[in-house]
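Chemist: Okay, here's the structure, questions in a sec.
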C-alpha cells in the first residue's frame, strides 16, 4: 500500500512573520528530510489518481502568492518535486494589488503588505508548463459554508472555469478556503 503525505503551505518568505509563511531555509530543510526519507513528489491530481511511488509527497500552496514562484519553486526544482497551487481567481488579474480577506487583512498597509502579492496568470501558466498543477481556490476566498446556494455555485463553478479558460487545461482539484466545508459544499463542488 502506498503512503501519500500531503503538505499545505501558503507563502515562502525570509521576512514575513505570519504563521502562513515558511522561510526558504526551513522549506529547504523540510524538502531535504522528505528526500532522505525516500519520498517522491507528485501533484495532488496525480497522487489521487494512484500514487506514482510507494512514498509520495504532495506539496500544495494555497492562495497563489508570488513568493511561491520566486522562492519556493527553485527549492522544489532542486529536489525534482512538482507542486499544486490553489488560486483564488478573482485576484489574479491585478497582481500588483495585495490579496486581502479575513485572516490576512491585518498585513495590509504595513511593512509586509508586499508579501501578499499574488501571481499573475502568465506566471501560473509557467508553473503549469513546468508540470505543476493549478487548482481552484474559489473566486474570492470566502467561507463557503456561509454562502447561499447561488453564491456557492458561482464561487465554485466560475473559479474552475476561469482556471481552465485562462490556462487552457483541466482544473480537476479544489482546496476549500480555510478548510471550510460541509456536505452541501462538498456536493456543490462535485
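Residue numbers (the numbering used here): 56 to 245. Virtual Cβ for every residue (Gly too), placed ideally from N, Cα, C.
#1: Is it the case that the Cβ atoms of residue 154 and residue 191 are separated by a distance below 8 Å?
#2: Where does residue 117 sit, in a helix, a strand or coil, going by DSSP?
#3: Do you know how far the Cα of residue 80 is from the Cα of residue 200?
#4: Sort 175, 160 and 174 by Cα distance to residue 168 and report the nearest one.
#5: Answer yes if the segment 76-91 comes into contact with the segment 123-139, meaning at least three C-beta pairs across the two stretches below 8 Å, and no otherwise.
#6: By how many angstroms is the C-alpha of residue 120 removed from the C-alpha of residue 181?
#7: Which of helix, strand or coil does DSSP assign to residue 147?
#8: Please classify residue 164: does DSSP put it in a helix, a strand, or coil?
#9: With respect to the alpha helix (DSSP H) encompassing residue 214, which residues constitute its N-terminal and C-terminal limits?
#10: Does the pairing of the segment 205-216 with the segment 162-177 give three or more beta-carbon distances under 8 Å?
#11: Going by the beta-carbon positions, is the gap between residue 170 and residue 214 smaller than 8 Å?
#12: Keeping to the same chain, check which residues put their C-beta closer than 6 Å to that of residue 139; ignore five residues upstream and five downstream.
#13: Can you list, in chain order, the residues of its chain with a C-beta nearer than 6 Å to that of residue 68? Leave out the 5 residues immediately preceding and following it.
#14: Would you check if the distance between the CB atom of residue 149 and the CB atom of residue 179 is smaller than 8 Å?
#15: For residue 142, does the three-state DSSP call read helix, strand or coil?
#16: Comparing C-alpha positions only, which one of 233, 151 and 126 sits nearest to residue 117?
Modeler: Looking at the coordinates:
#1: no
#2: strand
#3: Using only the alpha carbons, I get a separation of about 36 Å.
#4: Closest in alpha carbon position to residue 168, among 175, 160 and 174, is 160.
#5: yes
#6: Distance between the alpha carbons of residue 181 and residue 120 is about 14 Å.
#7: coil
#8: coil
#9: Note, residue 214: alpha helix (DSSP H), 214-222.
#10: no
#11: Residue 214 sits away from residue 170, with the two beta carbons spaced by 8 Å or more.
#12: The answer, listed in chain order, is 98, 99, 115, 188 and 190.
#13: Shown here for residue 68: same chain residues with a beta carbon closer than 6 Å to its own, the five before and five after excluded, namely 76, 122 and 170 in chain order.
#14: no
#15: strand
#16: 233
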